[in-house]
Amino acid sequence: DTAVSQTPKYLVTQMGNDKSIKCEQNLGHDTMYWYKQDSKKFLKIMFSYNNKELIINETVPNRFSPKSPDKAHLNLHINSLELGDSAVYFCASSQDSGATTEAFFGQGTRLTVV
Amino acid sequence: LAKTTQPISMDSYEGQEVNITCSHNNIATNDYITWYQQFPSQGPRFIIQGYKTKVTNEVASLFIPADRKSSTLSLPRVSLSDTAVYYCLLKAAGNKLTFGGGTRVLVKP
Chain A
1 DTAVSQTPKY LVTQMGNDKS IKCEQNLGHD TMYWYKQDSK KFLKIMFSYN NKELIINETV
61 PNRFSPKSPD KAHLNLHINS LELGDSAVYF CASSQDSGAT TEAFFGQGTR LTVV
Chain B
115 LAKTTQPISM DSYEGQEVNI TCSHNNIATN DYITWYQQFP SQGPRFIIQG YKTKVTNEVA
175 SLFIPADRKS STLSLPRVSL SDTAVYYCLL KAAGNKLTFG GGTRVLVKP
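Next up, the structure:
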């Protein structure tokens with residue numbers, strides 16, 4: 001069983017389109033995250049949710065809107081896609097935000113905007 | 115937030131021990147030192163975590179001196195499959211998991 005699963009794995013789309021990436025975790029965790037890894041391989045946190053409530057919202061354009069229908073799911077919707085949005089997006093989850101809590105990452109979604 | 119500094123890259127050969135040192139001069143009292151590993155085209159994976167002294171698990175060892183201003187991740191007898199990026203992070207309760215640039219380890223045959 002995959003602990004944290006994201007769909008799709010690859011996404012190629014044109015500028016201006018709206019797209020969504022889905023994430024599900026079957027670990028029973030309370031906290032979920034979205035990270036963006038750019039071409040230089042830096043991993044940056046975008047959002048964090050705890051029990052469906054937004055707790056971290058980094059400086060991310062409001063074209064990006066996370067939605068958590070329940071604590072096992074955290075989807076990422078992106079409006080009006082731009083070339084600079086091309087990156088690998090990782091979903092992750094952890095039991096809580098404790099210091100010793102391990103985060104589990106999905107396999108990533110490679111988004112290419114053309 | 116305390117930052118970490120680690121080498122950009124390291125090369126090694128199969129069977130050797132790889133030691134990656136991470137500097138964190140401004141580590142806070144409630145920070146835990148945490149290491150993640152990322153293989154190409156995969157998400158990061160937790161390797162090991164410690165607060166002080168030495169921690170060992172089936173994958174690696176983590177050495178932390180008394181002043182906690184640095185730490186060393188030790189990978190014993192690496193194989194080709196250990197080629198990855200290794201991230202050193204500081205994690206405190208309630209804080210986000212912040213990744214730096216990581217160290218690219220290339221294991222050669």
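Going down the list, the sequences are from chains A and B.
Note that the numbering used here numbers the first sequence so that position 57 is 57, with each residue one more than the last.
Each number in the numbering used here comes from the position in the second sequence (counting from 1) with 114 added on.
Glycine included, each C-beta is placed from N, C-alpha and C at the ideal position.
This one's a predicted model, so the numbers in the text were calculated from it and none came from an experiment.
- [ ] Could you name the residues of chain B that GLN25 of chain A contacts, counting a contact when the two beta carbons are closer than 7 Å?
- [x] On the first sequence, position 25 is the one that residue 25 of chain A refers to. Neighbourhood of GLN25 of chain A in chain B, by CB distance below 7 Å: empty, with the nearest CB roughly 12 Å away.
- [ ] Could you give the DSSP three-state label for LEU111 of chain A: helix, strand or coil?
- [x] Residue mapping note: residue 111 of chain A aligns to position 111 of the first sequence, counting from 1. The answer is strand: DSSP assigns LEU111 of chain A an E or B state.
Task: Rounded distance between the beta-carbons of VAL113 of chain A and ALA81 of chain A, thought under 8 Å - done: The residue you call residue 81 of chain A lines up with position 81 of the first sequence. The residue you call residue 113 of chain A lines up with position 113 of the first sequence. It is worth fixing the name first, because residue 81 of chain A is Leu in this sequence and not Ala. Between LEU81 of chain A and VAL113 of chain A, the beta carbon gap of about 5 Å places them in contact (Cβ cut-off 8 Å).
Task: 9 Å Cβ cutoff, LYS44 of chain A in contact with chain B - done: Position 44 of the first sequence, counted from the start, is the residue given in the question as residue 44 of chain A. Yes - at least one Cβ of chain B is within 9 Å of the one on LYS44 of chain A.
TODO: Could I get the ranges of all uninterrupted beta strand (DSSP E) runs contained in the segment 186–222 of chain B, with 3 residues as the minimum, in chain order?
DONE: Runs found: 198–205, 217–222.
Open item on the list: On the CB-based measure, 16 or more other CB atoms within 10 Å of its CB, does GLN163 of chain B come out buried or exposed?
Closed with: Reading the second sequence from its first residue, position 49 is the one you call residue 163 of chain B. Buried, by the Cβ-count rule.
Task: Below-9 Å beta-carbon distance, PRO121 of chain B vs any chain A residue - done: Here residue 121 of chain B refers to the residue found at position 7 when the second sequence is read from its first residue. With 9 Å as the cut-off, PRO121 of chain B does not count as an interface residue toward chain A.
Task: At least three beta-carbon pairs within less than 8 Å, the segment 90–97 of chain A to the segment 26–40 of chain A - done: Touching, per the Cβ criterion.
Open item on the list: Please classify GLY129 of chain B as buried or exposed, where buried requires at least 16 neighbouring CB atoms within 10 angstroms.
Closed with: Residue 129 of chain B sits at position 15 when you count from the first residue of the second sequence. By the 16-neighbour rule on beta-carbons within 10 angstroms, GLY129 of chain B is exposed.
Task: Helix, strand or coil at THR181 of chain B according to DSSP, with G and I counted as helix - done: Indexing the second sequence from 1 puts residue 181 of chain B at position 67. A small fix is needed here, since residue 181 of chain B is Asp in this sequence, not Thr. Of the three classes helix, strand and coil, the one that applies to ASP181 of chain B here is coil, per DSSP.
Open item on the list: At the level of alpha carbons, what is the spacing between LEU211 of chain B and LYS205 of chain B?
Closed with: To locate residue 211 of chain B, count along the second sequence from 1; it is residue 97. To locate residue 205 of chain B, count along the second sequence from 1; it is residue 91. Going by the C-alpha atoms only, they are around 6 Å apart.
Open item on the list: When you compare the CB of GLN107 of chain A with every CB in chain B, is at least one pair closer than 9 Å?
Closed with: Position 107 of the first sequence holds residue 107 of chain A. Yes, GLN107 of chain A counts as interfacial toward chain B.
Task: Bridge-paired residues (DSSP) for TYR49 of chain A - done: Position 49 of the first sequence, counted from the first residue, corresponds to residue 49 of chain A. Answer by DSSP bridge pairing, in chain order: A:MET32, A:LEU54.
Task: Spatial distance of ALA72 of chain A from GLY106 of chain A (CA atoms) - done: Counting from one through the first sequence, the residue named residue 72 of chain A turns up at place 72. Counting from one through the first sequence, the residue named residue 106 of chain A turns up at place 106. Cα atoms of ALA72 of chain A and GLY106 of chain A: separation of roughly 13 Å, rounded to the nearest angstrom.
Task: Check whether LYS41 of chain A and GLU58 of chain A have beta carbons under 9 Å apart - done: What you label residue 41 of chain A is simply residue 41 of the first sequence in a count that begins at 1. What you label residue 58 of chain A is simply residue 58 of the first sequence in a count that begins at 1. GLU58 of chain A sits away from LYS41 of chain A, with the two beta carbons spaced by 9 Å or more.
Open item on the list: Please state the DSSP three-state secondary structure of GLY164 of chain B.
Closed with: Looking up residue 164 of chain B in the second sequence gives position 50. Judged by DSSP in its simplified three-state form, GLY164 of chain B adopts strand.
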